[in-house]
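Numbered by my numbering, the letters in the sequence shown go through residues -4 to 264 in order.
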Amino acid sequence: MYRFLLTPRWLLLHAVAVAAVAGCLVLGWWQADVYQDSHGRHELRDREPVAVAELASPGAELGDAADRQAVATGTYLPDQQQLVPSRVHDGTLGSFVVTPLRTDDGMVVPVLRGWVDDPEDAGTAVPSGEVTVTGYLLPPETPDHATVRTGQELEDGRMAYIAPDQLAQRAGVGEATALHGYLLLREESPEPAAAPVVLDVDTVAPIRDVSPWQNLSYWAQWWVFALAAVVFWVSIVRNGVRTRRLAAASPEGAGDDDVSAPAPSHAPS
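Structural data, given as structure tokens:
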């Protein structure tokens, strides 16, 4: 009676049902992961700042230190400051200002100190002597973040995006001694008389805000779809079994490939 379930047509139906259920379950878990990632990153940014040396090592990936607030004390290296051109702030085109900070323990921390609309303003805004900076640790940018044309030659003191390889090539900052990422400045002490516009972390590295109730509804929705696919598959199988039972009780019989209903009786001549 049930051998028809192993025919090619029915095997294909089983495969489609399994794929649909698996896909819905995966998408449901993905929705849960999206919320957990968003919620977790916001929690990291809300933690109290700690010394950068406790969170990261020179040349090593930031890993779990990404999004944490950190404090670093040292001296800026103004001769190695770089501008990242063609960055927009509040609808105005300007440049990011990245100034390496050599900490007391020798690590070089690239500090994104803010944004300027006039590149000339960047050179006069670097504090001298020892400074203490507080900000958010963020992973390096990638070439996709670059807003200059591919292959465009940049003048000295400019780099296309914020990354260790760019700082090594453009500013001579050794990757082995530098933070593998950058510190987005929130505040510095002492404050300079003139400084770039401090950037908001949610603008530079936005986190997808996910409402827990909305996300929960999406998660439940995909699981309901999975259940519906199972119910639909069971319904088709039961209908196929019922069809064949009815066909077996009739003189004409039914073909094994029928998946929905018995064949209609032939009208008498």
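We put the beta carbon where it would ideally sit given N, CA and C, even for glycine.
For residue j and residue i, the rounded distance between their alpha carbons
i    : j    : result
G89  : V79  : 9 Å
W110 : D85  : 11 Å
S169 : Y177 : First, the amino acid is wrong: residue 169 is Gly here, not Ser. Approximately 14 Å between the Cα atoms of the pair.
W228 : T137 : 46 Å
R82  : A67  : 26 Å
E183 : V11  : 59 Å
Y213 : G18  : 14 Å
T145 : P159 : 19 Å
A14  : V143 : 44 Å
D100 : D139 : 33 Å
L133 : E150 : 26 Å
W217 : T2   : 30 Å
D197 : A46  : 22 Å
R42  : T127 : 18 Å
R240 : W25  : 42 Å
Given residue i as reference, the closest of the options once Cα atoms are compared
i    : options                   : result
R63  : L8, Y71 and E38           : E38
M102 : T87, D113, L50 and S123   : L50
T87  : D113, R239 and T70        : D113
L107 : V199, S123 and A189       : V199
A163 : A67, R4 and V104          : V104
G267 : A15, V225 and A166        : Residue 267 lies beyond the residue range present for the chain, which begins at -4 and ends at 264; the question has no answer from this structure.
A141 : I157, A55, S123 and T2    : I157
A171 : Q147, A244, E56 and V219  : E56
S123 : D139, A189, A173 and I231 : A189
A215 : L174, L20 and V232        : L20
E115 : A65, P191 and T127        : P191
CB of residue i within 9 Å of CB of residue j, strictly
i    : j    : result
L72  : P53  : no
V92  : Q75  : no
R4   : Y131 : no
A347 : T98  : It is not possible to answer for residue 347, since the shown part of the chain is limited to -4 through 264.
G23  : A221 : yes
P44  : T129 : yes
V16  : V219 : no
I231 : L8   : yes
L180 : L194 : yes
T70  : E148 : no
Status (buried if at least 16 other CB within 10 Å, exposed otherwise) for residue i
i    : result
P135 : buried
Q161 : buried
P185 : exposed
S255 : Note on S255: pLDDT 47, under 50, position unreliable in the model; the coordinate value appears next. So S255 ends up on the exposed side.
G58  : exposed
V121 : buried
A155 : buried
P201 : exposed
V243 : According to the sequence shown, residue 243 is Ala rather than Val. The residue is exposed, with fewer than 16 neighbouring Cβ atoms inside 10 Å.
A65  : buried
A117 : buried
P259 : Because the pLDDT of P259 is 47, which lies under 50, any placement of that residue in the model is unreliable, and the question is left without a value.
S245 : exposed
Worksheet item: Can we say the stretch 227 to 238 touches the stretch -3 to 8, given the rule of at least three CB pairs closer than 8 Å?
Response: Enough Cβ pairs lie closer than 8 Å, so yes.
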